[in-house]
Amino acid sequence: MSHPELTSMQRVLTTLGYEEPDRVPWFLFVTMHGAKELGLSIEDYFKNGKNVAEGQIRMQQKYEHDCYYNIFYLAAEMESIGGSVIYRDDGPPNAGRPMINDLSDIEALTFPDPSESENLSEVLEATRIMKEEAGDSIPIIGVVLSPFSSPIIQMGLDAYINLIENNRKAFDLLMSKNEAFCAAWANAQLNAGATAIGYFDPFSSNTMIPPDLYRETGLKVAKRTIANINGPTATHFASGRCEPIIDDIASTGTALIGVTTHEDMSKLKKICNKRMSVLGNLNGIEMRHWTPEQAEENVKLAIASAAKGGGFILSDNHGEIPWQVSEDVLLSISKAVKKWGRYPLEWIDNE
Amino acid sequence: MENSELYQSRLKTALLSLDRIKAKLILEDLITTTAPTEVVDSIMIPVLESIGSGWEDGRVALTQVYAAGQFCEQWLDTAFEDKLFVKKESPKLAIAVLEDFHSLGKRIVYSIVKGGGYQIQDFGAGISVDKLANKVIEEDIDILLVSALMLPSVLRINNLRQALEQSGKKIKIIAGGAPFRFDAILKEEIMADAVANNASEVIGIIEHLSGS
Numbered sequence: 001m002s003h004p005e006l007t008s009m010q011r012v013l014t015t016l017g018y019e020e021p022d023r024v025p026w027f028l029f030v031t032m033h034g035a036k037e038l039g040l041s042i043e044d045y046f047k048n049g050k051n052v053a054e055g056q057i058r059m060q061q062k063y064e065h066d067c068y069y070n071i072f073y074l075a076a077e078m079e080s081i082g083g084s085v086i087y088r089d090d091g092p093p094n095a096g097r098p099m100i101n102d103l104s105d106i107e108a109l110t111f112p113d114p115s116e117s118e119n120l121s122e123v124l125e126a127t128r129i130m131k132e133e134a135g136d137s138i139p140i141i142g143v144v145l146s147p148f149s150s151p152i153i154q155m156g157l158d159a160y161i162n163l164i165e166n167n168r169k170a171f172d173l174l175m176s177k178n179e180a181f182c183a184a185w186a187n188a189q190l191n192a193g194a195t196a197i198g199y200f201d202p203f204s205s206n207t208m209i210p211p212d213l214y215r216e217t218g219l220k221v222a223k224r225t226i227a228n229i230n231g232p233t234a235t236h237f238a239s240g241r242c243e244p245i246i247d248d249i250a251s252t253g254t255a256l257i258g259v260t261t262h263e264d265m266s267k268l269k270k271i272c273n274k275r276m277s278v279l280g281n282l283n284g285i286e287m288r289h290w291t292p293e294q295a296e297e298n299v300k301l302a303i304a305s306a307a308k309g310g311g312f313i314l315s316d317n318h319g320e321i322p323w324q325v326s327e328d329v330l331l332s333i334s335k336a337v338k339k340w341g342r343y344p345l346e347w348i349d350n351e
Numbered sequence: 352m353e354n355s356e357l358y359q360s361r362l363k364t365a366l367l368s369l370d371r372i373k374a375k376l377i378l379e380d381l382i383t384t385t386a387p388t389e390v391v392d393s394i395m396i397p398v399l400e401s402i403g404s405g406w407e408d409g410r411v412a413l414t415q416v417y418a419a420g421q422f423c424e425q426w427l428d429t430a431f432e433d434k435l436f437v438k439k440e441s442p443k444l445a446i447a448v449l450e451d452f453h454s455l456g457k458r459i460v461y462s463i464v465k466g467g468g469y470q471i472q473d474f475g476a477g478i479s480v481d482k483l484a485n486k487v488i489e490e491d492i493d494i495l496l497v498s499a500l501m502l503p504s505v506l507r508i509n510n511l512r513q514a515l516e517q518s519g520k521k522i523k524i525i526a527g528g529a530p531f532r533f534d535a536i537l538k539e540e541i542m543a544d545a546v547a548n549n550a551s552e553v554i555g556i557i558e559h560l561s562g563s
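Chains S and L are the protein sequences, given in the same order. Be aware that the first sequence starts at 1, since it is given in the numbering used here, and climbs by one per residue. Be aware that the second sequence starts at 352, since it is given in the numbering used here, and climbs by one per residue.
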C-alpha cells in the first residue's frame, strides 16, 4: 500500500513518532555549498543572514531534502565572544587561536545576548527568513555546540583535557558559563523559528572520552543544558562513536542521535528501542568521489539498515557536507532517496 | 626480555585507567634490571601501539591515547634528565599542524615519538604551506610529520610536497588525521610517503622510512 504525499514536516514528525511516513526523510546538511549557489566566496556568503537563507532555500529546492539548516559555522559562537575565525576558500571557516589561556580567562569569560551579537544576530535573521519561507511545512534545524565540547575551540583540546583531569573547580565554572550561553543561544534560535536544535557534542563520544568519564562530566552537562532548551534536540557526535553510552544519551531527553559510519546503525537503532530516533550515516568524506552508482548503493545500504518502522532520518555522518562534494553527487543521493526510500520498503525483503 | 607480556599488560591497564602512579611504579621496577632502550622497545612502544590500535577500532578513547603518550614522554624526561635519552641514530624529525589550530593530534604524536626515544621539533599549529616548507628546509629536516584534522588541510599536503620538492632535497612526509579514517582512497590522493592510521603507528613508520 502506498502512502499519501506528506510535507517534509509531516514526514519528519511521523518518523520521530516511530511510524512509517510516505518516504524516508533526509536531512542534507549543506552549509558552504550555498555560496556556490549564490556565486559568492565562502567569506562573503556568511557575512549576511539573507545570503544564507537564500542559499538554504535554493538548495532545498534543488535537492528536495527535508530541512533547512541554519548554521553558518561552529566557530561563530567563539567569534561572538571575540575569538578569531580563519576563512578559507575551500572549507568551513575555522576557529583561530584559543582564547582561554589560563584560569583568569575562565573567570573573565562573558557571553553576549545572541540577538545583540553582530554575527549571531545574522544567524537569527537567516532563521527568520527561512521560517517565513517554510511556514510549518519544512523543519528548520538550528545548531549549538555543546557546553562540554565548546572548550575544544575555546582553549584547545590538550589544555581542556588537562583541566578536566586536574582542576574540576575551574571546569565546573567553565561549564556553568557555557551552559547558560548554550541554552540562551538555542532558545534564541527557537524563538526565531528553528524547529529543533542540533546539540553537537563530539567530545562526549567514545571516540574522545571513556564512558565513565562521560558519565561524570558530559552527561551531567547535557542533562542540565537540554532541560533548559525550550524545544526538541538532536544530539550529534560529529562522526564520533556512541554505542556504549546510548542508554545515557537517552536519559538526557534528546529525541534523535547522529550516528557515525564507523558504527552499525541497525544495531544502534535496536539499542535505542524507540527512546530516540537515529540520524545517519552516509560517509561525507568518501562522498567526494562517489559515482552515481555508489551514491545509490550507499543510500540503499543506509535505508536497509535502519529505515523500517520509522525512527530514522537519512543524513551524512558528520553534520556537514564537505565543500569538495559535488552537486552531481548530491543530486544522485536525492534521486536514490526518491527511488529507494518510498515506504513500505518492500525491496529490502526481496534483496 | 623475560615477562615482557606481563609488564606490557600491567602498564597498559595502568595507562588506560589514567593511574600514573601505578604506571610509574611499573617502569621504575623495570628500569632497575633492564636497559632503557629495552624498556622503550619491548614495553613502552608495544603498549603505546596497542593503545593506538585500540583507538582505531573504538575500544579506547582519544583522551586515553593522549594521557598515555604524555605520561611516557614525561617519564622518559624525568628518568633520564641528566642523560637525555635518544634512541639510535635519529633522523631529524619535525611535526606541525597544517593550517588549523586543532593541535591535540600533534601533541599526542609528539609525545609518543618522544616516548619512543626520538628527538622531534615542534613547528606548531596553524602554519601555512609556504611557512612550513621554508621552516623544514631551513632546519634541514629529514622526516616531517603533518597532522591535519580538516579535509581541506589534508588536501593541501600536495601543495606542501610541491613546495618541498622545489628545494631539491628529498624530505619524507608522514601524514595523519581524522579524514584518513573515513576514506581509504584519501591516502592515495595525497603525496605523502606514508599515512599513519593512529599515533602509535608513527614510530614504526619512522623506523621504516629511516631504515633504522
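Here a beta-carbon is modelled for each residue, glycine too, at the ideal position from N, C-alpha and C. No experiment lies behind these values; they were computed from the predicted model shown.
Counted within 10 angstroms of its Cβ, other Cβ atoms place Ala222/S as buried (16 or more) or exposed: Numbered from 1 along the first sequence, position 222 holds the residue referred to as residue 222/S. Classification for Ala222/S: buried.
Reduced DSSP secondary structure (H/G/I, E/B, other) of Ile42/S: Translated into the one-based positions of the first sequence, residue 42/S becomes position 42. Helix.
In DSSP terms, what Ser498/L is bridged to: Locating residue 498/L in the second sequence gives position 147, where the first residue counts as 1. Paired residue(s): Val448/L, Gly527/L.
Within chain L, partners of Ala222/S - CB distance below 8 angstroms: As a working note, residue 222/S is residue 222 in the first sequence. Those do not exist, as Ala222/S stays about 17 angstroms from chain L at its closest Cβ, beyond 8 angstroms.
Contact list for Ser404/L against chain S, beta-carbon separation under 7 angstroms: On the second sequence, position 53 is the one that residue 404/L refers to. Near Ser404/L there are no residues of chain S at all, since even the closest Cβ is about 14 angstroms away, more than 7 angstroms.
When Trp347/S, Leu279/S, Ile42/S are compared against Pro93/S, the one with the closest alpha-carbon: Translated into the one-based positions of the first sequence, residue 93/S becomes position 93. Closest by alpha carbon: Ile42/S.
Cβ neighbours of Ser334/S in the same chain (closer than 6 angstroms, five flanking residues each side left out): Residue 334/S sits at position 334 when you count from the first residue of the first sequence. Result list for Ser334/S: Tyr63, Glu64, in chain order.
Ser176/S versus Asn509/L - alpha carbon distance: Taking the first residue of the first sequence as position 1, residue 176/S is located at position 176. Taking the first residue of the second sequence as position 1, residue 509/L is located at position 158. CA-CA distance, Ser176/S to Asn509/L, rounds to 43 angstroms.
Rounded Cβ spacing between Ser115/S and Leu109/S (contact assumed at less than 8 angstroms): Walking along the first sequence from the start, residue 115/S turns up at place 115. Walking along the first sequence from the start, residue 109/S turns up at place 109. Wrong, their Cβ atoms sit about 20 angstroms apart, outside the cutoff.
Residue span of the alpha helix (DSSP H) that contains Leu369/L, given as start and end: The count along the second sequence starts at 1 and reaches residue 369/L at position 18. Neither: Leu369/L is in no alpha helix (DSSP H) and is coded neither H nor E.
Contact between the segment 489-507 of chain L and the segment 522-532 of chain L (3+ Cβ pairs under 8 angstroms): yes
Beta carbon proximity, Ala324/S to chain L, threshold 8 angstroms: Residue mapping note: residue 324/S aligns to position 324 of the first sequence, counting from 1. In the sequence as displayed, the identity of residue 324/S is Gln instead of Ala. Gln324/S counts as touching chain L.
Three-state secondary structure assigned by DSSP to Tyr417/L: Along the second sequence, one-based indexing puts residue 417/L at 66. Residue state, collapsed to three classes: helix.
For Asn281/S, the first and last residue of its enclosing beta strand (DSSP E): Looking up residue 281/S in the first sequence gives position 281. Per DSSP, Asn281/S belongs to the beta strand (DSSP E) from 277-282.
Close Cβ partners of Ala134/S (< 7 angstroms) along its chain, the five nearest in sequence each way excluded: To locate residue 134/S, count along the first sequence from 1; it is residue 134. Same-chain partners within the cutoff: Tyr68, Ile140.
Cβ separation of Leu515/L and Val546/L, assumed to be a contact under 8 angstroms, to the nearest whole Å: Along the second sequence, one-based indexing puts residue 515/L at 164. Along the second sequence, one-based indexing puts residue 546/L at 195. The Cβ separation is near 17 angstroms, so there is no contact.
Short CB-CB distance (under 8 angstroms) between Ile536/L and chain S: Residue mapping note: residue 536/L aligns to position 185 of the second sequence, counting from 1. Yes, contact with chain S.
Element boundaries [beta strand (DSSP E), containing Gln61/S]: Translated into the one-based positions of the first sequence, residue 61/S becomes position 61. Careful: Gln61/S lies outside any beta strand (DSSP E), inside the alpha helix (DSSP H) at 49-63.
Arg342/S - partner residues in DSSP beta bridges: As a position in the first sequence, residue 342/S is number 342, starting the count at 1. Listed as beta-bridge partners of Arg342/S by DSSP are Arg23/S.
Straight-line Cα distance separating Leu28/S from Gln61/S: Sequence index remark: in the first sequence, residue 61/S carries index 61 (1-based). Sequence index remark: in the first sequence, residue 28/S carries index 28 (1-based). Computed Cα separation, rounded: 12 angstroms.
Length of the line joining the Cα atoms of Asp408/L and Gln415/L: Mapped onto the second sequence, residue 408/L falls at position 57. Mapped onto the second sequence, residue 415/L falls at position 64. Their backbone Cα atoms lie some 14 angstroms apart in a straight line.
Cβ-Cβ distance between Gly55/S and Gly34/S below 8 angstroms: Numbered from 1 along the first sequence, position 55 holds the residue referred to as residue 55/S. Numbered from 1 along the first sequence, position 34 holds the residue referred to as residue 34/S. Yes, the pair counts as a contact, with Cβ atoms nearer than the cut-off.
CB of Ala194/S within 8 angstroms of CB of Gly258/S, strictly: Here residue 194/S refers to the residue found at position 194 of the first sequence. Here residue 258/S refers to the residue found at position 258 of the first sequence. Cβ distance not < 8 angstroms, so Ala194/S and Gly258/S don't count as in contact.
CB contact check: Thr261/S to chain L, cutoff 8 angstroms: Residue numbering aside, residue 261/S sits at position 261 when the first sequence is read from its first letter. In terms of beta-carbon proximity, Thr261/S lines the interface with chain L, with at least one pair separated by less than 8 angstroms.
Distance between Thr383/L and Asp534/L (C-alpha atoms, nearest Å): As a working mapping, residue 534/L is identified with position 183 in the second sequence. As a working mapping, residue 383/L is identified with position 32 in the second sequence. Distance between the alpha carbons of Asp534/L and Thr383/L: 45 angstroms.
Under 8 angstroms between C-beta atoms of Ile396/L and Ile554/L: Within the second sequence, the letter at position 45 stands for residue 396/L. Within the second sequence, the letter at position 203 stands for residue 554/L. Remark: C-beta atoms of Ile396/L and Ile554/L approach each other more closely than 8 angstroms.
Segment limits, alpha helix (DSSP H) that includes Glu246/S: Counting from one through the first sequence, the residue named residue 246/S turns up at place 246. Per the sequence shown, residue 246/S should be read as Ile rather than Glu. First-last of the alpha helix (DSSP H) with Ile246/S: 246-250.
Ser404/L, enclosing alpha helix (DSSP H) - first and last residue: Residue mapping note: residue 404/L aligns to position 53 of the second sequence, counting from 1. Looking at the DSSP string, the run of the alpha helix (DSSP H) that includes Ser404/L is 396-407.
Closer than 8 angstroms to chain L by CB, Leu157/S: Walking along the first sequence from the start, residue 157/S turns up at place 157. Leu157/S counts as touching chain L.
Entirely enclosed beta strand (DSSP E) segments - the segment 107-185 of chain S, minimum 3 residues: 140-145
Own chain residues within Cβ distance below 6 angstroms of Phe46/S, not counting five before or after: Reading the first sequence from its first residue, position 46 is the one you call residue 46/S. These residues qualify, in order along the chain: Phe72.
Cβ neighbour criterion (16 or more within 10 Å) applied to Gln513/L: Along the second sequence, read from residue 1 onward, the residue named residue 513/L stands at position 162. Gln513/L comes out exposed.
Against chain S: residues of the segment 498-509 of chain L by CB proximity under 7 angstroms: Listed by position along the chain: Met501, Leu502, Pro503.
Leu103/S, DSSP secondary structure in three states: Position 103 of the first sequence, counting from 1, holds the residue named residue 103/S. Helix.
Close Cβ partners of Ser454/L (< 6 angstroms) along its chain, the five nearest in sequence each way excluded: As a working note, residue 454/L is residue 103 in the second sequence. So the list reads Val448, Ala476, once near-sequence residues are dropped.
Reference Met352/L; option with closest CA among Gln517/L, Glu389/L, Ser441/L: Translated into positions along the second sequence, residue 352/L becomes position 1. Residue Glu389/L is the option with its Cα nearest to Met352/L.
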